[in-house]
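Below you can see the structure in the form of structure tokens.
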């Protein structure tokens with residue numbers, strides 16, 4: 002009976018343990034990916050945040066990759082202005098909530114006392130979706146995610162990877178009704194068009210805001226340190242992701258004050274500096290690559306993330322949650 | 002144009018900000034749930050793990066609720082034997098991997114040196130699924146999860162909550178083929194039947210094992226401290242979940258040795274004791290309740306997790322990932 006169950010759920014499973022041992026793993030695919038399947042991340046598109054050393058005197062550095070155009074660029078623009086103005090230097094990580102976020106910036110609730118923003122940094126108009134007028138025209142960039150998980154996302158009706166970032170989209174398909182205030186059907190002005198937005202996964206960096214959706218500037222940021230809070234998608238600007246050093250945020254003590262803010266100011270973790278990667282010297286400049294999401298290696302990688310047949314896995318799911326894909330990113334040694 | 006986008010994605014959105022302020026939140030639903038919608042967790046079904054105090058001398062206690070029958074009971078039985086034998090006392094948390102797990106137990110890789118298990122604790126036969134011969138007969142207990150997310154899970158074809166735990170299942174529907182070794186179609190002996198398994202979410206506790214699926218006993222356990230690793234579902238026994246004190250595991254330093262094991266033995270966090278809740282004195286006994294998954298309050302709670310219209314949310318997703326439901330659990334004050 003056990004054999005029957007196995008056969009039923011693992012239809013594509015290898016015929017023998019011998020085969021299983023030879024099946025590719027995600028690690029073997031990443032290791033075998035040719036250099037041409039990796040893309041360099043421009044240092045100008047990275048933030049390097051240096052925290053005060055920990056209590057054992059160990060250095061703490063967090064590297065963030067900023068979201069590429071066309072997504073969240075109003076906030077990303079502000080973040081560049083803030084970094085160049087040294088705005089975060091001397092601020093802190095002031096809020097940490099388990100299975101939720103670590104948040105940093107000024108952390109001053111009282112507007113009168115808040116640290117003034119540099120010239121040019123204002124709340125962008127709050128639009129968390131990006132309209133893609135002609136998806137086919139963008140097909141080379143906006144390569145489709147595997148068809149296997151297409152329409153299997155509770156938060157959207159489609160998923161793809163764009164320049165290494167997970168993106169969800171909504172297609173204005175026939176069954177989506179469009180009504181006036183009285184509930185009377187109207188012609189759908191977006192028929193066949195799509196709009197898209199970046200996804201909150203573990204490590205994603207977003208713009209904290211107040212209740213009003215136009216209140217976030219990018220000065221107060223957070224990184225996700227728990228299960229993907231996808232309900233925040235389209236409600237908050239996702240502006241990047243932590244690509245190194247997330248443990249310096251995820252291991253911080255959880256805050257005991259309101260909303261997880263540190264009630265004891267001594268618990269705040271001082272931010273020494275935040276710099277754009279290209280502001281640093283050649284020697285300090287971060288060098289990273291991601292596995293290109295339109296490469297053959299990435300397609301194989303996603304395939305195996307969804308269908309694991311290596312020696313450990315007894316059954317494979319046949320699918321993968323978009324935040325479990327985890328785009329491979331690697332540090333490149335300095336020359 | 003912005004108004005149009007909004008109308009399109011938030012079809013059920015309230016007509017005004019005034020309405021939004023009056024919409025229930027998950028917190029307001031939980032606060033309003035009558036006592037009859039809460040179920041006490043039997044102290045006999047809890048593990049209380051006391052870690053050595055942290056470096057500031059603060060106590061660290063982790064409370065785990067064990068998986069109810071019929072799921073994973075071979076391992077849960079072992080865990081009861083191990084706790085009663087004081088087997089974990091003097092062992093440690095020895096492996097911590099960011100966005101993955103914190104693992105504890107003996108941690109000895111060399112079988113010859115491994116701490117012997119107490120009498121009766123053996124590897125259960127490895128079957129990570131539970132056959133449910135007649136789902137309709139169990140309908141009162143195995144209440145269906147909201148239809149909204151049904152068939153929108155990349156890891157199963159159905160989801161439900163059973164006694165407060167998220168469960169996935171696979172239905173042997175017509176399109177699932179059943180073949181012999183040569184690929185020839187065979188009659189499906191499980192036609193119309195379902196089998197089900199507990200899900201890995203943030204905080205889930207599972208049984209570490211070696212490559213062979215029958216090697217886990219329950220002596221080496223882990224808790225998930227990152228995005229739900231659903232690919233482990235059906236490959237590892239899920240035996241419970243952390244209901245209090247997960248931060249004592251999730252904030253531990255990440256291991257730098259192979260597979261995230263602490264290379265420096267001094268980093269291991271000593272386990273003072275692990276007790277079943279009913280082994281403790283009345284005063285020490287943990288008292289918790291969960292919001293009953295077959296209650297009206299839980300149905301409302303899930304509805305709002307999927308469709309948020311309170312003052313913060315600009316758009317609501319219209320769906321919710323099963324690991325984002327997060328069953329409400331509360332500590333009950335001692336009498």
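Protein chains in written order, with the working numbering: chain V, 2 to 336; chain E, 2 to 336. Each residue gets a CB set at the ideal place from its N, CA and C atoms; glycine is no exception. Quick caveat: nothing in here was measured; it's all calculated off a predicted structure.
Let me check one thing: in DSSP terms, what residues is residue i bridge-paired to?
i: residue 271 (chain V); result: V:93
i: residue 168 (chain E); result: E:161 and E:199
i: residue 103 (chain V); result: V:97 and V:224
i: residue 41 (chain E); result: E:290
i: residue 245 (chain V); result: V:64
i: residue 212 (chain V); result: According to DSSP, which records beta bridges pairwise, residue 212 (chain V) is partnered with nothing at all.
i: residue 281 (chain V); result: DSSP lists no partner for residue 281 (chain V).
i: residue 205 (chain V); result: V:242
i: residue 237 (chain E); result: Answer is none; residue 237 (chain E) lacks a bridge partner.
i: residue 330 (chain V); result: V:291
i: residue 51 (chain E); result: E:62 and E:274
i: residue 27 (chain E); result: Answer by DSSP bridge pairing: none, since residue 27 (chain E) is not bridged.
i: residue 218 (chain V); result: In DSSP, residue 218 (chain V) forms no bridge with anything.
i: residue 262 (chain V); result: V:96
i: residue 131 (chain V); result: V:197
How close, in whole Å, do the beta carbons of residue i and residue j come, if the pair is a contact with beta carbons under 8 Å?
i: residue 255 (chain V); j: residue 206 (chain V); result: 19 Å between Cβ atoms; not a contact.
i: residue 49 (chain E); j: residue 219 (chain E); result: Going by Cβ atoms, the distance from residue 49 (chain E) to residue 219 (chain E) rounds to 16 Å, so no, they are not a contact pair.
i: residue 320 (chain V); j: residue 155 (chain E); result: 3 Å
i: residue 217 (chain E); j: residue 76 (chain E); result: 7 Å
i: residue 56 (chain V); j: residue 263 (chain V); result: Wrong, their Cβ atoms sit about 15 Å apart, outside the cutoff.
i: residue 253 (chain E); j: residue 273 (chain E); result: No, residue 253 (chain E) and residue 273 (chain E) are not in contact; Cβ-Cβ is about 16 Å, not under 8 Å.
i: residue 106 (chain V); j: residue 250 (chain V); result: Actually they do not touch by this definition, with Cβ atoms about 13 Å apart.
i: residue 226 (chain E); j: residue 102 (chain E); result: 6 Å
Mind checking if residue i is an interface residue toward chain V, Cβ cutoff 9 Å exclusive?
i: residue 332 (chain E); result: no
i: residue 230 (chain E); result: yes
i: residue 203 (chain E); result: yes
i: residue 227 (chain E); result: yes
i: residue 30 (chain E); result: no
Can you name the residues of chain V whose CB is closer than 9 Å to the CB of residue i?
i: residue 155 (chain E); result: 149, 150, 153, 154, 307, 318, 319, 320, 321, 322, 323 and 325
Can you pull the chain V residues whose beta carbon is under 7 Å from the beta carbon of residue i, in chain order?
i: residue 248 (chain E); result: 99 and 255
Closest Cβ-Cβ distance between residue i and chain E: below 9 Å?
i: residue 252 (chain V); result: yes
i: residue 328 (chain V); result: no
i: residue 143 (chain V); result: For residue 143 (chain V), the pLDDT reaches just 36, beneath the cut-off of 50, and the residue's location in the model is therefore unreliable, although a value from the coordinates is still provided. So, not an interface residue.
Report the residue from the options whose alpha carbon sits nearest the alpha carbon of residue i.
i: residue 31 (chain V); options: V:301, V:204 and V:42; result: V:301
i: residue 79 (chain E); options: E:123, E:267, E:111 and E:45; result: E:123
i: residue 54 (chain E); options: E:169, E:316 and E:246; result: E:246
i: residue 198 (chain V); options: V:158, V:46 and V:293; result: V:158
i: residue 131 (chain E); options: E:333, E:238 and E:281; result: E:238
i: residue 296 (chain V); options: V:23, V:261, V:35 and V:27; result: V:35
i: residue 322 (chain E); options: E:288, E:202, E:234 and E:280; result: E:202
i: residue 161 (chain E); options: E:216, E:229, E:303 and E:44; result: E:303
i: residue 281 (chain V); options: V:87, V:270, V:309 and V:298; result: V:87
i: residue 285 (chain V); options: V:38, V:62 and V:229; result: V:62
i: residue 232 (chain V); options: E:317, E:83, E:120 and E:291; result: E:317
i: residue 329 (chain E); options: E:298, E:335 and E:291; result: E:291
i: residue 333 (chain E); options: E:118, E:39 and E:24; result: E:39
i: residue 213 (chain V); options: E:98, E:270, E:311 and E:240; result: E:311
i: residue 268 (chain V); options: V:258, V:274 and V:228; result: V:258
i: residue 265 (chain V); options: V:94, V:111 and V:170; result: V:94
i: residue 41 (chain E); options: E:288, E:298, E:327 and E:324; result: E:288
i: residue 67 (chain E); options: E:244, E:307 and E:252; result: E:244
i: residue 307 (chain V); options: E:65, E:230 and E:107; result: E:230
i: residue 260 (chain E); options: E:195, E:110, E:248 and E:64; result: E:110
i: residue 64 (chain E); options: E:52, E:165 and E:170; result: E:52
i: residue 116 (chain E); options: E:305, E:83, E:215 and E:325; result: E:83
i: residue 234 (chain E); options: E:298, E:168 and E:293; result: E:168
Please list the partners that residue i has in chain E, where partner means a Cβ-to-Cβ separation under 8 Å.
i: residue 315 (chain V); result: 127, 129, 214, 235 and 236
i: residue 312 (chain V); result: 212
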